[in-house]
Each structure stands twice: as C-alpha cells, then as structure tokens.
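Trainee: Line by line, the protein sequences are chains A and B. With numbering that gives the first Met the number 0, letter number 8 in the first sequence gets 7, and the count goes up by one each step, no holes. With numbering that gives the first Met the number 0, letter number 76 in the second sequence gets 75, and the count goes up by one each step, no holes. If you scroll down you'll find the structure; I have some questions about it.
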Amino acid sequence: MLVHVTDETIDPGDLATRFYSRHPDAAVATFAGFVRDFNDYGRVDSLFLECYVEMATRVLNDLGNKAKQRFGLRAWQIVHRYGEMETADPIVFVATSADHRVEAFAACEFVMDTLKTDAPFWKREHSGGAGHWVTVKGVDTDRRERWSTEDLDQ
Amino acid sequence: MTITVKFFSLIREALETEQLTLELTDSLRTVEALKNELGLRGKAWSETLSHPNLIQAVNQRVVFPEEGIEDGDEVAFFPPMTGG
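Below, the structure is given as structure tokens:
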C-alpha cells in the first residue's frame, strides 16, 4: 500500500524493513516522525491528531506521485497516523527509493515539507490537563514555499 | 439535490458542528455563497467563516471561494494544516 492513513499504531522499523525487502534499489531514504514531549511553552503530555481521512489519502497519493515524477523515484510509501497518541508514538513514516542518494534524500524531504502544510491533519497538544491547537510555524511554510519556488522553474 | 458540508479542528469547535447536509438551491452555487448563507446562522458562523486563514475544499481538493458547487458535492472548511 503506497499510502496508509490510520488511527492504529504504526511501526516505522517494520515498515522500513518491509520497504527495503520489496524495493532493493540503490538508494533508499526513510523518515519517521514521533510525538514530541515538548513545545515552545513547555512539556507535552499527549497529542490528538485530527484528520480529514478521505482528503488526506488523496493528497498523500498526489504528493507521492508528484515526488516520483519530480525526482525519478523507483518507489515510495507514506504512512500517517491520526487520533489519540502518547509522546514518543510514531506519527509518520516516509520511504523513497531511487538510483542515487541525492534524489532519494530530496524526495523524502520534499514529501515531509509538503505534507506538513498540505495534508489535512491538525495537531492538538495536551499539557497539564489543558489542550491547544498547534498553529502553523513560519519555518514550515518557508520550507514548503522553497519547493513551490523550485516548482516554477520546471 | 443535496450537498455535504464538513468542518474540522478549530472551525468544528467554533461552530459546534461536525457535518451538515443541505439542500442545494439556486442561491448556493459557489463556496462563497455557501459561506454567506451559513453566516446568517449567527455571529460565531459569520466570524468563523469569514476568517482570512479559512481554507475551503470541494470534493477533497482545496479551492478558491469562487469555486462552483454541484449536486452531491462534499464541501469542507478548516484552518491551516499542521500534519507530519
């Protein structure tokens, strides 16, 4: 399955092992993101990640196909969790394979930078019994914009 | 003829509404018209749906407010996304 959006626990190690065995290409890059236990204001106890599942599945499929075309990937996979999570729980797994490491690394970074602002997920962090919705960080929109600017050159 | 309207995250909380099914009338042929119509439901609706950061989607694709609406469409309103 190229894209999997799920409210069940994901195992990045198992996903990576399976990806390597299915796609023994010259260069494979993987990224795994986990629930952090801190934010700009202090400690984070848990995370609720809301998701528009149908749209997220479509956006991530489009994104993976775009990465494949742009970087000449041989294969890719995006797995994203939603729902209630504890700190250190895996949230997202991305794998990209190519003939050379430059394309595999760049595609993995492109997918992560883009999905953070384009895929319909919303983080709500809980700390000390209170919760607040996470707002978009400038660094995330800047990194997303960097890839958009490069889009215009193609 | 009906449409489905979904709300997520802060928008869902502000409107205390997760989903609506509406009759598609001649006056509801664009997302902007839908926002104006829903805004008549009260201050929370008018303020929330006129927020400059509001994002709208039709059939799971982000669109401009001028986008048309057809029978059976799924319209969604939500704030900027924070995945990953």
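Cβ coordinates follow ideal geometry from the N, Cα and C atoms, glycine included.
(1) For the beta strand (DSSP E) containing residue 95 of chain A, name the first residue and the last one.
(2) Under the assumption that residue 126 of chain A contacts residue 83 of chain A (Cβ atoms under 8 angstroms), give the Cβ distance between them as a whole number of angstroms.
(3) Counting only Cβ-Cβ distances shorter than 7 angstroms, please list the residues of the segment 56-67 of chain B near chain A, keeping chain order.
(4) Measure the alpha-carbon distance for residue 124 of chain A versus residue 58 of chain A and round it to whole angstroms.
(5) My assumption, with CB atoms under 8 angstroms, is that residue 29 of chain A sits in contact with residue 18 of chain A. Please give the rounded CB distance.
(6) Counting only Cβ pairs nearer than 7 angstroms, list the residues of chain B close to residue 34 of chain A.
(7) Grab me the residues of residue 32 of chain B's own chain with a C-beta within less than 7 angstroms of its C-beta, minus the 5 sequence neighbours each way, in chain order.
(8) Compute the Euclidean distance between the alpha carbons of residue 92 of chain A and residue 24 of chain B, then round it to the nearest angstrom.
(9) Per DSSP, what kind of secondary structure is residue 28 of chain B in: helix, strand or coil?
(10) How many angstroms separate the CA atom of residue 54 of chain B from the CA atom of residue 140 of chain A?
(11) Taking 8 angstroms as the CB-CB limit, is residue 114 of chain A close to chain B?
(12) Given residue 1 of chain B, which residues of its chain have a CB within under 8 angstroms of its CB, disregarding the five upstream and five downstream residues?
(13) Does the beta-carbon of residue 153 of chain A have 16 or more other beta-carbons within 10 angstroms, so that it is buried, or is it exposed?
(14) Answer with buried or exposed for residue 54 of chain A, where buried requires no fewer than 16 other C-beta atoms within 10 angstroms of its C-beta.
(15) In three-state terms, what does DSSP make of residue 101 of chain A?
(16) In this structure, what does DSSP give as the bridge partners for residue 54 of chain B?
(17) Just the Cα atoms here: how many angstroms apart are residue 90 of chain A and residue 82 of chain B?
(18) Who are the Cβ neighbours of residue 76 of chain B in its own chain at under 7 angstroms, not counting the five residues just before and after it?
(19) Under 7 angstroms between beta-carbons, which chain A residues line up against residue 80 of chain B? List them in chain order, please.
(20) Taking just the CA atoms, how far does residue 71 of chain A sit from residue 3 of chain A?
(21) Answer yes or no: does any C-beta atom of chain B fall closer than 8 angstroms to that of residue 79 of chain A?
(22) Label residue 105 of chain A either buried or exposed according to how many other C-beta atoms from any shown protein chain fall within 10 Å of its C-beta, with 16 as the threshold for buried.
(23) Looking only at its own chain, which residues have a Cβ that is under 7 angstroms from the Cβ of residue 85 of chain A, when we skip the five neighbours before and after it?
(24) Please classify residue 111 of chain A as buried or exposed, where buried requires at least 16 other C-beta atoms within 10 Å of its C-beta.
Mentor: Result, derived from the coordinates:
(1) The sequence position of residue 95 of chain A within the first sequence is 96, counting from 1. Following the DSSP letters along the chain, one finds residue 95 of chain A inside the beta strand (DSSP E) bounded by residues 89-97.
(2) Here residue 126 of chain A refers to the residue found at position 127 when the first sequence is read from its first residue. Here residue 83 of chain A refers to the residue found at position 84 when the first sequence is read from its first residue. Going by Cβ atoms, the distance from residue 126 of chain A to residue 83 of chain A rounds to 15 angstroms, so no, they are not a contact pair.
(3) 56, 59
(4) What you label residue 124 of chain A is simply residue 125 of the first sequence in a count that begins at 1. What you label residue 58 of chain A is simply residue 59 of the first sequence in a count that begins at 1. Rounded to whole angstroms, residue 124 of chain A to residue 58 of chain A spans 24 angstroms at the Cα level.
(5) Counting from one through the first sequence, the residue named residue 29 of chain A turns up at place 30. Counting from one through the first sequence, the residue named residue 18 of chain A turns up at place 19. Between residue 29 of chain A and residue 18 of chain A the beta-carbon gap is near 7 angstroms, inside 8 angstroms, which marks them as a contact.
(6) Translated into the one-based positions of the first sequence, residue 34 of chain A becomes position 35. Simply none; closest approach about 11 angstroms.
(7) Here residue 32 of chain B refers to the residue found at position 33 when the second sequence is read from its first residue. Counting only Cβ-Cβ distances below 7 angstroms, and skipping sequence neighbours, we find 26.
(8) In the first sequence, counting from the first residue as 1, residue 92 of chain A sits at position 93. In the second sequence, counting from the first residue as 1, residue 24 of chain B sits at position 25. One C-alpha to the other measures close to 43 angstroms.
(9) Locating residue 28 of chain B in the second sequence gives position 29, where the first residue counts as 1. If DSSP states are grouped into helix, strand and coil, residue 28 of chain B belongs with coil.
(10) What you label residue 54 of chain B is simply residue 55 of the second sequence in a count that begins at 1. What you label residue 140 of chain A is simply residue 141 of the first sequence in a count that begins at 1. Each residue's alpha carbon lies about 15 angstroms from the other.
(11) Here residue 114 of chain A refers to the residue found at position 115 of the first sequence. Answer yes: the Cβ-Cβ gap between residue 114 of chain A and chain B drops below 8 angstroms somewhere.
(12) Within the second sequence, numbered from 1, the residue matching residue 1 of chain B stands at position 2. Counting only Cβ-Cβ distances below 8 angstroms, and skipping sequence neighbours, we find 20, 21, 22, 23, 70, 71.
(13) Stepping through the first sequence from its first residue, residue 153 of chain A is reached at position 154. Low local confidence applies: a pLDDT of 44 at residue 153 of chain A is under 50, so the model's placement there is unreliable, with the coordinate-based value given in what follows. Exposed is the call here.
(14) As a working note, residue 54 of chain A is residue 55 in the first sequence. That one is buried.
(15) By 1-based counting over the first sequence, the position of residue 101 of chain A is 102. Here residue 101 of chain A sits in helix by DSSP.
(16) To locate residue 54 of chain B, count along the second sequence from 1; it is residue 55. Its beta-bridge partners are B:77.
(17) On the first sequence, position 91 is the one that residue 90 of chain A refers to. On the second sequence, position 83 is the one that residue 82 of chain B refers to. In a straight line, the C-alpha of residue 90 of chain A is about 9 angstroms away from that of residue 82 of chain B.
(18) Within the second sequence, residue 76 of chain B is the residue found at index 77, counting from 1. For residue 76 of chain B, where only same-chain residues beyond five positions count, the Cβ hits under 7 angstroms are 6, 10, 48, 53, 55.
(19) Translated into positions along the second sequence, residue 80 of chain B becomes position 81. Neighbours of residue 80 of chain B on chain A, chain order: 116, 117, 118, 119, 120, 121.
(20) Walking along the first sequence from the start, residue 3 of chain A turns up at place 4. Walking along the first sequence from the start, residue 71 of chain A turns up at place 72. So the two alpha carbons sit approximately 22 angstroms from each other.
(21) Position 80 of the first sequence, counted from the start, is the residue given in the question as residue 79 of chain A. With 8 angstroms as the cut-off, residue 79 of chain A counts as an interface residue toward chain B.
(22) Position 106 of the first sequence, counted from the start, is the residue given in the question as residue 105 of chain A. With 16 or more other Cβ atoms within 10 Å, it is buried.
(23) Position 86 of the first sequence, counted from the start, is the residue given in the question as residue 85 of chain A. These residues qualify, in order along the chain: 34, 45.
(24) To locate residue 111 of chain A, count along the first sequence from 1; it is residue 112. Buried, since its Cβ has 16 or more Cβ neighbours within 10 Å.
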